[in-house]
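Numbering (my numbering), first residue to last: 11 to 548.
If you want it as structure tokens, here you go:
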């Protein structure tokens with residue numbers, strides 16, 4: 011089937027703020043859809059034992075603060091004996107007490123964002139199979155054993171606006187912790203202030219955090235309670251290195267490679283649990299990695315990178331159908347909702363949604379099949395090994411401007427050639443060529459993103475222009491795919507005796523959308539191809 015576009019607007023490792031719809035928690039089942047998902051946006055600070063919380067009701071935008079609520083939380087943390095989960099930024103725990111007692115997997119996405127997967131406690135101490143699957147890439151079949159026990163005396167303060175809406179939750183935690191197993195005998199105690207965004211805006215969270223800092227809150231010794239107790243288990247940070255056009259090319263490519271591989275591994279448990287947008291985000295990172303390996307091809311030993319590019323292509327295709335169905339299900343639902351009622355004849359919305367939802371479930375099952383295969387684990391191992399110890403060619407020691415700028419110019423020429431080929435065609439053939447051109451536009455965008463640390467604004471401007479062109483070409487491709495989906499779904503409706511009028515209407519709307527996007531193409535293309543965006547590459 012034709013491939014729908016992806017906006018690829020998610021920067022590596024970032025999370026779009028907002029709540030994620032959770033699946034129901036069903037005791038005793040292990041399919042990913044039964045895992046409750048929660049996206050946390052929070053800031054954690056440490057405070058002295060004697061420090062006083064600031065007057066939270068005085069924070070701008072806060073009208074009232076609920077009476078404080080005290081909770082006693084007891085958590086057992088589990089990991090492999092060598093701390094593989096913690097090293098991957100994953101926390102697995104079984105916690106009692108509080109409103110969310112149960113099994114939790116927390117995945118650190120960045121300094122403020124956590125994705126959390128939850129299952130109820132159940133009757134056994136064994137890790138539920140669904141969560142074992144979620145951490146499979148890090149654990150790799152090794153036994154998950156208790157490594158720490160942490161008790162928290164938590165005082166919760168809920169901050170509300172004038173309408174009673176909860177903006178931010180502030181937790182004042184007094185923590186005592188002890189190591190277990192190989193870490194037995196390790197003990198610590200400390201105090202934390204944690205501010206979590208609930209239904210407020212990010213700037214309201216910032217205001218609360220500023221107030222906590224003014225009252226003595228300071229940066230924590232570690233990102234998580236477990237690594238505060240056992241710092242040797244903390245993930246290794248990617249070193250930050252200043253680079254410029256005259257820096258060695260490997261100094262630019264190496265950290266980018268490390269970050270992309272780390273981001274891909276971070277997304278693994280989220281895709282397994284079917285967290286919203288996780289498939290899309292992993293697909294984007296796969297494309298970025300393939301683009302990086304292509305642009306930086308002369309810098310790395312090809313016998314190592316070319317097989318990886320091929321395997322990343324396999325993974326991207328495995329993710330593709332599930333993501334394509336997500337896009338079309340949302341797109342068609344929005345289009346139907348915008349149509350006048352008299353134009354929607356028959357159970358069109360219900361039929362389309364049910365069909366695409368079922369197909370998407372089947373597609374995600376195929377994603378899981380791929381991600382549970384030895385082929386997938388071999389790919390992830392090879393990527394990790396490459397990121398940790400790249401095999402550079404002699405050219406990698408050359409200056410960024412001498413080595414990578416010509417590669418980016420090459421990517422730009424490829425983009426222009428493909429766009430010119432599309433100009434020579436009409437109808438469906440032109441749409442197909444525009445889709446091929448879009449892949450070349452993405453290559454330019456990712457190459458410009460790679461160059462940003464060395465060149466700054468000039469590279470960012472090229473990346474932005476390429477993204478604008480990519481988005482418009484994506485509108486064309488979305489319409490192409492929508493027409494194919496509508497033709498496919500209209501036939502069962504017709505055979506069931508339902509009117510196909512609305513399917514035809516939506517098909518015509520999709521064709522009109524493609525035509526409109528193509529009509530807007532020339533000025534956007536001209537902006538992406540203008541010579542001043544390439545001056546820094548000379």
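Using N, Cα and C, we set each Cβ at its ideal position, and we do this for glycine too.
Note that the coordinates shown come from a computational prediction; the quantities given were computed from them, not determined experimentally.
For the 8 angstroms CB-CB criterion, residue 453 and residue 234 do not form a contact. Residue 207 sits close to residue 215, with the two beta carbons spaced by under 8 angstroms.
Of the candidates 242, 195, 108, 153, the residue whose Cα lies closest to the Cα of residue 159 is 195. According to DSSP, residue 116 shares a beta bridge with 101, 126.
Among the bridge pairs identified by DSSP, residue 409 is matched with 258. Just so you know, the alpha carbons of residue 201 and residue 232 end up roughly 12 angstroms apart. Looking at the backbone, the Cα of residue 335 and that of residue 238 are separated by about 42 angstroms. Taken in chain order, the unbroken stretches of alpha helix (DSSP H) that lie wholly in the stretch 280 to 308 and span 4 residues or more are 288 to 305. By the Cβ-count criterion, residue 299 is buried, with 16 or more other Cβ atoms from all chains shown falling within 10 Å of its own Cβ. Taking the C-beta atoms as reference points, residue 385 is found no nearer than 8 angstroms to residue 503. Within the same chain, and ignoring the five residues on either side of residue 228 in sequence, the residues whose Cβ sits closer than 7 angstroms to its Cβ are 55, 56.
Under DSSP, residue 74 shares a beta bridge with 170. Rounded to the nearest angstrom, the gap between the Cα atoms of residue 310 and residue 475 is 28 angstroms. Its Cα nearest to that of residue 370, the residue 330 stands out among 330, 351, 397. Runs of the alpha helix (DSSP H) spanning 4 or more residues and lying entirely within the stretch 209 to 246 occur at 212 to 224, 235 to 239, in chain order. The way I'd put it, the stretch 165 to 174 doesn't touch the stretch 118 to 136; fewer than three beta-carbon pairs between them come closer than 8 angstroms. By the neighbour-count definition (other C-beta atoms within 10 Å, threshold 16), residue 85 is a buried residue. In the assembly as shown, residue 434 is an exposed residue. Its beta-carbon has fewer than 16 other beta-carbons within 10 Å. Taking every protein chain shown into account, the CB of residue 213 has fewer than 16 other CB atoms within 10 angstroms, so this residue is exposed. Annotation for residue 389: 321 place their beta carbon closer than 6 angstroms to its own, counting only its chain and skipping 5 residues before and after. The beta-carbon distance between residue 63 and residue 182, rounded to whole angstroms, is 6 angstroms. This is short enough to meet the 8 angstroms contact definition. Shown here, residue 178 sits in a strand according to DSSP, grouped into three states. Assignment of residue 189 by DSSP, reduced to helix, strand and coil, places it in the strand class.
For residue 106, the number of other beta carbons within 10 angstroms of its own is below 16, and it is reported as exposed. For residue 86, the enclosing beta strand (DSSP E) begins and ends at 79 to 89. In the assembly as shown, residue 340 is an exposed residue. Its beta-carbon has fewer than 16 other beta-carbons within 10 Å. Under the 10 Å beta carbon count, residue 278 is surrounded by 16 or more other beta carbons and is classified as buried. The criterion of a C-beta distance shorter than 8 angstroms is not satisfied by residue 169 and residue 53.
In the DSSP assignment, residue 198 falls within the beta strand (DSSP E) that extends over 197 to 207. DSSP, reduced to helix, strand and coil, places residue 183 within a strand of the structure shown.
With the rule of 3 Cβ pairs closer than 8 angstroms, the stretch 284 to 296 does not count as touching the stretch 402 to 418. A Cβ-Cβ contact shorter than 8 angstroms links residue 302 with residue 456.
When DSSP states are grouped into helix, strand and coil, residue 50 belongs to the strand group. Here the stretch 127 to 144 does not lie against the stretch 257 to 272, with fewer than 3 beta-carbon pairs under 8 angstroms apart. When Cβ pairs closer than 8 angstroms are counted between the two stretches, the stretch 499 to 514 is seen to touch the stretch 350 to 360, the count reaching three or more. The stretch 173 to 190 makes no contact with the stretch 134 to 145; the number of CB pairs closer than 8 angstroms stays below 3.
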